[in-house]
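In full-length UniProt numbering, the protein residues as written are 1 to 147.
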């Protein structure tokens, strides 16, 4: 079977569509009908919504027929279309010269085995200087932590 891919870009994000993977669940066009319009050509109109709205909807594709990549000069053709996340409610972000932010809900298991559910964003220390480990208390600024 020949695998085909089609790409649709708004200059910031490129949506990749792999029709061979599509199960026609209708999640895409029911969730963002201004962008996803089956029966029209082109059927993906990335200029009809914000980049954030498009990414959130693409991440809901159950078959992963839709994926995306952020445009930028550092990406090679081999890397395009590699971001295929299914929205699960969590987000992890590494801040330059700062903490790691994890957006919940997550379960934190301490070194003594105690479990705690964190439902909002939590910031974890990377520098080792926090007096409130594992959480960041801003000590990275005081010690001049750099990556």
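For glycine and all other residues, C-beta sits at the position ideal for the given N, C-alpha and C.
Using only the alpha-carbon positions, how far apart do residue i and residue j sit?
{"i": "residue 14", "j": "residue 48", "result": "13 angstroms"}
{"i": "residue 96", "j": "residue 42", "result": "39 angstroms"}
{"i": "residue 88", "j": "residue 106", "result": "Any answer about residue 88 is weak, because its pLDDT of 48 lies below 50 and its placement is not dependable; what the coordinates show is given next. Answer to the nearest angstrom: the Cα atoms are 11 angstroms apart."}
{"i": "residue 51", "j": "residue 59", "result": "12 angstroms"}
{"i": "residue 129", "j": "residue 143", "result": "8 angstroms"}
{"i": "residue 19", "j": "residue 39", "result": "14 angstroms"}
{"i": "residue 11", "j": "residue 53", "result": "15 angstroms"}
{"i": "residue 138", "j": "residue 7", "result": "42 angstroms"}
Assuming residue i and residue j form a contact by the criterion Cβ under 8 angstroms, report the distance between their Cβ atoms to the nearest whole angstrom.
{"i": "residue 36", "j": "residue 55", "result": "The Cβ separation is near 13 angstroms, so there is no contact."}
{"i": "residue 62", "j": "residue 25", "result": "5 angstroms"}
With DSSP collapsed to three states, give me the class of residue i.
{"i": "residue 143", "result": "helix"}
{"i": "residue 21", "result": "helix"}
{"i": "residue 95", "result": "coil"}
{"i": "residue 51", "result": "helix"}
{"i": "residue 186", "result": "Outside the displayed span of the chain (1 to 147) sits residue 186, for which this structure offers no information."}
{"i": "residue 56", "result": "helix"}
For the beta strand (DSSP E) that residue i lies in, which residues bound it at each end?
{"i": "residue 68", "result": "66-70"}
{"i": "residue 41", "result": "Segment: none, residue 41 is in no beta strand (DSSP E) and carries neither H nor E."}
{"i": "residue 124", "result": "122-124"}
{"i": "residue 117", "result": "115-118"}
Using a Cβ cut-off of 7 angstroms (strictly closer), state whether residue i contacts chain C.
{"i": "residue 104", "result": "Of the protein chains in the structure, only one exists, and it is not chain C."}
Using a Cβ-Cβ cutoff of less than 6 angstroms, which residues in the same chain neighbour residue i once the five nearest sequence positions on both sides are dropped?
{"i": "residue 140", "result": "98, 127"}
{"i": "residue 45", "result": "35"}
Taking residue i as part of the alpha helix (DSSP H), name the residues at either end of that continuous run.
{"i": "residue 27", "result": "27-31"}
Can you list, in chain order, the residues of its chain with a C-beta nearer than 7 angstroms to that of residue i? Leave out the 5 residues immediately preceding and following it.
{"i": "residue 120", "result": "104"}
{"i": "residue 117", "result": "105, 107"}
{"i": "residue 27", "result": "60, 61, 62"}
{"i": "residue 86", "result": "Low confidence applies here, because residue 86 scores a pLDDT of 45, under 50, leaving its location unreliable; read the following figure in that light. Same-chain partners within the cutoff: 59."}
Using C-beta distances below 8 angstroms, list every residue in its chain close to residue i, excluding the 5 sequence neighbours before and after it, in chain order.
{"i": "residue 5", "result": "16, 17, 18, 81"}
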